[in-house]
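In UniProt numbering, the protein residues as written are 1 to 237. Even glycine gets a Cβ: it sits at the ideal position worked out from N, Cα and C. First up is the structure itself, then whatever we jot down about it.
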(Lines of atoms letter the chains of each structure in order from A; the text may use other names.)
(Lines give C-alpha, C1' and ligand atoms only; values in the text may rest on other atoms or scores of the structure.)
Protein backbone atom coordinates (compact mmCIF):
# COMPACT_ATOMS: atom_id res chain seq x y z
CA UNK A 1 0.00 0.00 0.00
CA UNK A 2 1.49 3.36 -1.05
CA UNK A 3 1.63 6.38 1.22
CA UNK A 4 -1.44 8.64 1.32
CA UNK A 5 -0.41 11.29 3.85
CA UNK A 6 2.86 13.11 4.58
CA UNK A 7 3.45 14.98 7.85
CA UNK A 8 5.97 17.83 7.56
CA UNK A 9 7.95 18.51 10.74
CA UNK A 10 9.84 21.84 10.57
CA UNK A 11 12.91 21.75 12.83
CA UNK A 12 15.07 24.59 14.11
CA UNK A 13 17.36 23.84 17.08
CA UNK A 14 15.13 21.16 18.59
CA UNK A 15 17.73 18.56 19.63
CA UNK A 16 16.07 18.12 23.03
CA UNK A 17 12.70 17.28 21.45
CA UNK A 18 13.60 15.05 18.51
CA UNK A 19 13.75 11.68 20.27
CA UNK A 20 10.29 12.34 21.67
CA UNK A 21 9.14 13.39 18.18
CA UNK A 22 10.42 10.07 16.84
CA UNK A 23 8.55 8.10 19.48
CA UNK A 24 5.28 10.03 19.22
CA UNK A 25 5.16 9.99 15.42
CA UNK A 26 6.17 6.33 15.26
CA UNK A 27 3.28 5.56 17.59
CA UNK A 28 0.94 7.66 15.46
CA UNK A 29 1.91 5.91 12.22
CA UNK A 30 0.65 2.66 13.76
CA UNK A 31 -2.84 4.10 14.38
CA UNK A 32 -3.12 6.55 11.46
CA UNK A 33 -6.28 6.18 9.40
CA UNK A 34 -4.23 6.72 6.22
CA UNK A 35 -0.78 5.29 5.46
CA UNK A 36 1.56 7.99 6.70
CA UNK A 37 5.18 9.05 6.30
CA UNK A 38 7.18 11.81 7.97
CA UNK A 39 9.29 14.54 6.36
CA UNK A 40 11.66 16.53 8.59
CA UNK A 41 12.63 19.93 7.22
CA UNK A 42 15.74 21.12 9.05
CA UNK A 43 15.65 24.91 8.82
CA UNK A 44 19.39 25.47 9.27
CA UNK A 45 19.66 24.25 12.87
CA UNK A 46 22.90 25.09 14.65
CA UNK A 47 22.66 22.39 17.34
CA UNK A 48 22.74 18.60 16.95
CA UNK A 49 19.29 18.41 15.31
CA UNK A 50 20.62 17.25 11.92
CA UNK A 51 22.67 14.47 13.48
CA UNK A 52 19.59 13.23 15.32
CA UNK A 53 17.36 13.57 12.26
CA UNK A 54 19.71 11.42 10.18
CA UNK A 55 19.85 8.82 12.94
CA UNK A 56 16.05 8.75 13.18
CA UNK A 57 15.64 8.40 9.41
CA UNK A 58 18.24 5.63 9.26
CA UNK A 59 16.28 3.67 11.86
CA UNK A 60 12.78 4.31 10.47
CA UNK A 61 11.85 3.69 6.84
CA UNK A 62 8.77 5.95 7.15
CA UNK A 63 10.95 8.99 8.02
CA UNK A 64 12.83 11.18 5.51
CA UNK A 65 14.41 14.64 5.65
CA UNK A 66 15.61 17.69 3.78
CA UNK A 67 18.14 20.14 5.21
CA UNK A 68 18.48 23.84 4.42
CA UNK A 69 21.93 25.39 3.97
CA UNK A 70 20.93 28.14 6.41
CA UNK A 71 17.99 29.27 8.51
CA UNK A 72 15.19 30.57 6.25
CA UNK A 73 12.15 30.62 8.55
CA UNK A 74 9.02 28.59 9.14
CA UNK A 75 7.23 29.65 5.96
CA UNK A 76 10.19 28.53 3.86
CA UNK A 77 10.34 25.18 5.68
CA UNK A 78 6.65 24.54 5.11
CA UNK A 79 6.88 25.64 1.47
CA UNK A 80 9.84 23.31 0.85
CA UNK A 81 7.84 20.50 2.40
CA UNK A 82 4.84 21.22 0.19
CA UNK A 83 7.08 21.20 -2.88
CA UNK A 84 8.68 17.90 -1.87
CA UNK A 85 5.71 15.70 -0.92
CA UNK A 86 4.13 13.28 -3.39
CA UNK A 87 1.11 12.11 -1.39
CA UNK A 88 -2.51 13.15 -1.85
CA UNK A 89 -2.59 14.82 1.55
CA UNK A 90 0.02 16.86 3.40
CA UNK A 91 0.00 18.08 6.98
CA UNK A 92 2.40 19.58 9.44
CA UNK A 93 3.10 19.61 13.14
CA UNK A 94 5.64 21.57 15.17
CA UNK A 95 8.57 19.66 16.64
CA UNK A 96 7.84 21.04 20.12
CA UNK A 97 4.85 18.62 20.23
CA UNK A 98 2.53 21.07 21.95
CA UNK A 99 -0.14 19.41 19.81
CA UNK A 100 -0.80 15.65 19.68
CA UNK A 101 -0.11 13.60 16.53
CA UNK A 102 -3.11 11.36 17.24
CA UNK A 103 -5.35 14.38 16.64
CA UNK A 104 -4.40 14.14 12.96
CA UNK A 105 -7.03 11.39 12.78
CA UNK A 106 -9.70 13.94 13.75
CA UNK A 107 -8.57 16.13 10.86
CA UNK A 108 -8.26 13.22 8.43
CA UNK A 109 -11.89 12.33 9.08
CA UNK A 110 -12.86 15.67 7.46
CA UNK A 111 -10.19 15.80 4.77
CA UNK A 112 -12.35 14.14 2.14
CA UNK A 113 -14.94 16.91 2.25
CA UNK A 114 -12.65 19.89 2.94
CA UNK A 115 -9.50 21.07 1.19
CA UNK A 116 -7.88 22.34 4.40
CA UNK A 117 -8.64 21.17 7.92
CA UNK A 118 -6.93 22.97 10.78
CA UNK A 119 -6.83 22.45 14.51
CA UNK A 120 -7.98 24.98 17.08
CA UNK A 121 -5.99 24.73 20.30
CA UNK A 122 -8.48 24.08 23.11
CA UNK A 123 -7.46 25.17 26.63
CA UNK A 124 -4.10 26.52 25.48
CA UNK A 125 -1.21 25.86 27.85
CA UNK A 126 0.81 28.97 26.97
CA UNK A 127 1.62 32.07 28.99
CA UNK A 128 -0.90 34.88 29.39
CA UNK A 129 1.18 37.20 27.19
CA UNK A 130 1.47 34.59 24.42
CA UNK A 131 -2.24 33.75 24.54
CA UNK A 132 -3.31 37.39 24.54
CA UNK A 133 -0.97 38.41 21.71
CA UNK A 134 -2.17 35.45 19.63
CA UNK A 135 -5.81 36.37 20.28
CA UNK A 136 -5.19 39.95 19.15
CA UNK A 137 -3.19 38.84 16.10
CA UNK A 138 -5.92 36.39 15.06
CA UNK A 139 -8.54 39.12 15.39
CA UNK A 140 -6.53 41.47 13.18
CA UNK A 141 -5.96 38.73 10.60
CA UNK A 142 -9.68 37.80 10.48
CA UNK A 143 -10.54 41.45 9.87
CA UNK A 144 -8.24 41.46 6.82
CA UNK A 145 -8.93 37.99 5.41
CA UNK A 146 -12.51 37.18 6.51
CA UNK A 147 -11.46 33.53 6.69
CA UNK A 148 -13.51 32.84 9.83
CA UNK A 149 -10.63 30.97 11.48
CA UNK A 150 -10.02 31.36 15.22
CA UNK A 151 -6.46 30.00 15.48
CA UNK A 152 -4.43 29.95 12.27
CA UNK A 153 -1.28 29.65 14.35
CA UNK A 154 -2.25 26.13 15.43
CA UNK A 155 0.59 23.86 14.24
CA UNK A 156 -1.69 21.02 13.23
CA UNK A 157 -3.12 21.18 9.72
CA UNK A 158 -3.98 18.94 6.77
CA UNK A 159 -4.24 20.21 3.20
CA UNK A 160 -4.95 18.50 -0.08
CA UNK A 161 -1.56 18.54 -1.79
CA UNK A 162 -2.90 19.90 -5.09
CA UNK A 163 -3.93 23.04 -3.18
CA UNK A 164 -0.80 23.22 -1.01
CA UNK A 165 1.50 23.22 -4.05
CA UNK A 166 -0.29 26.27 -5.49
CA UNK A 167 0.31 28.44 -2.42
CA UNK A 168 2.85 31.19 -3.28
CA UNK A 169 4.71 31.27 0.02
CA UNK A 170 6.66 34.17 1.43
CA UNK A 171 7.79 34.94 4.98
CA UNK A 172 4.83 35.05 7.35
CA UNK A 173 2.36 33.52 4.91
CA UNK A 174 2.13 30.30 6.95
CA UNK A 175 -0.31 32.26 9.13
CA UNK A 176 -2.61 32.70 6.12
CA UNK A 177 -2.92 29.12 4.87
CA UNK A 178 -6.74 28.96 5.27
CA UNK A 179 -7.11 32.29 3.46
CA UNK A 180 -4.85 31.07 0.66
CA UNK A 181 -7.02 27.99 0.22
CA UNK A 182 -10.09 30.23 0.01
CA UNK A 183 -8.35 32.21 -2.75
CA UNK A 184 -8.27 28.94 -4.71
CA UNK A 185 -12.04 28.57 -4.11
CA UNK A 186 -11.26 25.71 -1.74
CA UNK A 187 -13.16 24.75 1.41
CA UNK A 188 -11.82 24.95 4.97
CA UNK A 189 -12.80 23.72 8.42
CA UNK A 190 -11.44 24.05 11.96
CA UNK A 191 -11.63 21.36 14.66
CA UNK A 192 -10.69 21.60 18.38
CA UNK A 193 -7.50 19.71 19.25
CA UNK A 194 -5.46 19.11 22.37
CA UNK A 195 -2.72 21.49 23.49
CA UNK A 196 0.17 20.92 25.91
CA UNK A 197 2.94 22.97 27.54
CA UNK A 198 6.35 22.98 25.85
CA UNK A 199 8.50 20.38 27.62
CA UNK A 200 11.93 21.09 26.09
CA UNK A 201 13.63 23.63 23.87
CA UNK A 202 12.75 27.29 23.51
CA UNK A 203 9.96 29.10 21.69
CA UNK A 204 11.20 30.71 18.48
CA UNK A 205 8.75 33.62 18.48
CA UNK A 206 8.58 36.72 20.65
CA UNK A 207 6.02 39.50 20.86
CA UNK A 208 7.14 40.94 17.48
CA UNK A 209 6.62 37.63 15.68
CA UNK A 210 3.23 37.00 17.24
CA UNK A 211 1.72 40.48 17.01
CA UNK A 212 3.48 43.25 15.09
CA UNK A 213 4.90 40.94 12.41
CA UNK A 214 1.49 39.42 11.56
CA UNK A 215 -0.01 42.91 11.29
CA UNK A 216 2.48 43.81 8.56
CA UNK A 217 1.90 40.41 6.93
CA UNK A 218 -1.79 41.29 6.56
CA UNK A 219 -0.89 44.04 4.12
CA UNK A 220 1.29 41.59 2.20
CA UNK A 221 -1.69 39.22 2.05
CA UNK A 222 -3.95 41.97 0.67
CA UNK A 223 -1.40 42.61 -2.08
CA UNK A 224 -1.24 38.87 -2.77
CA UNK A 225 -5.03 38.62 -2.89
CA UNK A 226 -5.23 41.44 -5.42
CA UNK A 227 -2.56 39.88 -7.65
CA UNK A 228 -3.41 36.20 -7.16
CA UNK A 229 -3.99 34.18 -10.35
CA UNK A 230 -6.44 31.31 -9.96
CA UNK A 231 -7.28 28.80 -12.69
CA UNK A 232 -8.30 25.20 -13.26
CA UNK A 233 -7.47 23.24 -16.39
CA UNK A 234 -10.64 21.89 -18.00
CA UNK A 235 -9.06 19.71 -20.69
CA UNK A 236 -5.71 18.54 -21.99
CA UNK A 237 -4.83 17.29 -25.45
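Relative to the C-alpha of residue i, which residue among the options is closest?
{"i": "residue 232", "options": "113, 62, 163 and 149", "result": "163"}
{"i": "residue 166", "options": "194, 103 and 79", "result": "79"}
{"i": "residue 100", "options": "12, 194 and 52", "result": "194"}
{"i": "residue 196", "options": "62, 22, 156 and 229", "result": "156"}
{"i": "residue 21", "options": "61, 86, 110 and 56", "result": "56"}
{"i": "residue 147", "options": "112, 218, 109 and 171", "result": "218"}
{"i": "residue 103", "options": "168, 113, 24 and 170", "result": "24"}
{"i": "residue 105", "options": "228, 35 and 122", "result": "35"}
{"i": "residue 85", "options": "236, 5 and 223", "result": "5"}
{"i": "residue 13", "options": "221, 67 and 37", "result": "67"}
{"i": "residue 19", "options": "223, 51 and 221", "result": "51"}
{"i": "residue 81", "options": "114, 107 and 37", "result": "37"}
What are the residues that DSSP puts in a beta bridge with residue i?
{"i": "residue 64", "result": "39"}
{"i": "residue 91", "result": "7 and 158"}
{"i": "residue 29", "result": "Paired residue(s): none; residue 29 is not in a bridge."}
{"i": "residue 84", "result": "Answer by DSSP bridge pairing: none, since residue 84 is not bridged."}
{"i": "residue 189", "result": "117"}
Considering only their Cβ atoms, is the gap separating residue j from residue i smaller than 8 angstroms?
{"i": "residue 42", "j": "residue 49", "result": "yes"}
{"i": "residue 183", "j": "residue 225", "result": "yes"}
{"i": "residue 317", "j": "residue 39", "result": "Since the displayed the chain opens at 1 and closes at 237, residue 317 lies outside it and no answer follows."}
{"i": "residue 88", "j": "residue 33", "result": "no"}
{"i": "residue 62", "j": "residue 93", "result": "no"}
{"i": "residue 47", "j": "residue 15", "result": "yes"}
{"i": "residue 83", "j": "residue 44", "result": "no"}
{"i": "residue 91", "j": "residue 7", "result": "yes"}
Take residue i and list the residues in its own chain whose beta-carbon comes closer than 8 angstroms to its own, dropping the five residues that flank it on each side.
{"i": "residue 313", "result": "Because the chain here runs from 1 to 237, residue 313 falls outside it and cannot be looked at."}
{"i": "residue 116", "result": "157, 158, 159, 160, 163, 177, 178, 181, 186, 187, 188 and 189"}
{"i": "residue 75", "result": "169, 170, 171, 172, 173 and 174"}
{"i": "residue 122", "result": "192, 193, 194 and 195"}
{"i": "residue 73", "result": "43 and 171"}
{"i": "residue 230", "result": "183, 184 and 185"}
I'd like the list of long-range same chain contacts for residue i, defined as Cβ closer than 7 angstroms, with 5 residues on each side in sequence excluded.
{"i": "residue 120", "result": "150, 151, 154, 190, 191, 192 and 193"}
{"i": "residue 240", "result": "Residue 240 lies beyond the stretch modelled for the chain, which goes from 1 to 237, so this question has no answer here."}
{"i": "residue 234", "result": "none"}
Is any beta-carbon of chain C found at less than 8 angstroms from that of residue i?
{"i": "residue 36", "result": "Chain labels in this structure do not include chain C; a single protein chain is all it has."}
Could you name the residues of the same chain whose beta carbon sits closer than 6 angstroms to that of residue i, not counting the 5 residues immediately before and after it, in chain order?
{"i": "residue 77", "result": "10, 41 and 43"}
{"i": "residue 110", "result": "117 and 189"}
{"i": "residue 221", "result": "176"}
Say yes only if the C-beta of residue i is nearer than 7 angstroms to one or more non-hydrogen atoms of the ligand ZN, and no if none qualify.
{"i": "residue 162", "result": "Ligands are entirely absent from the displayed structure, and the ligand ZN is therefore not among its contents."}
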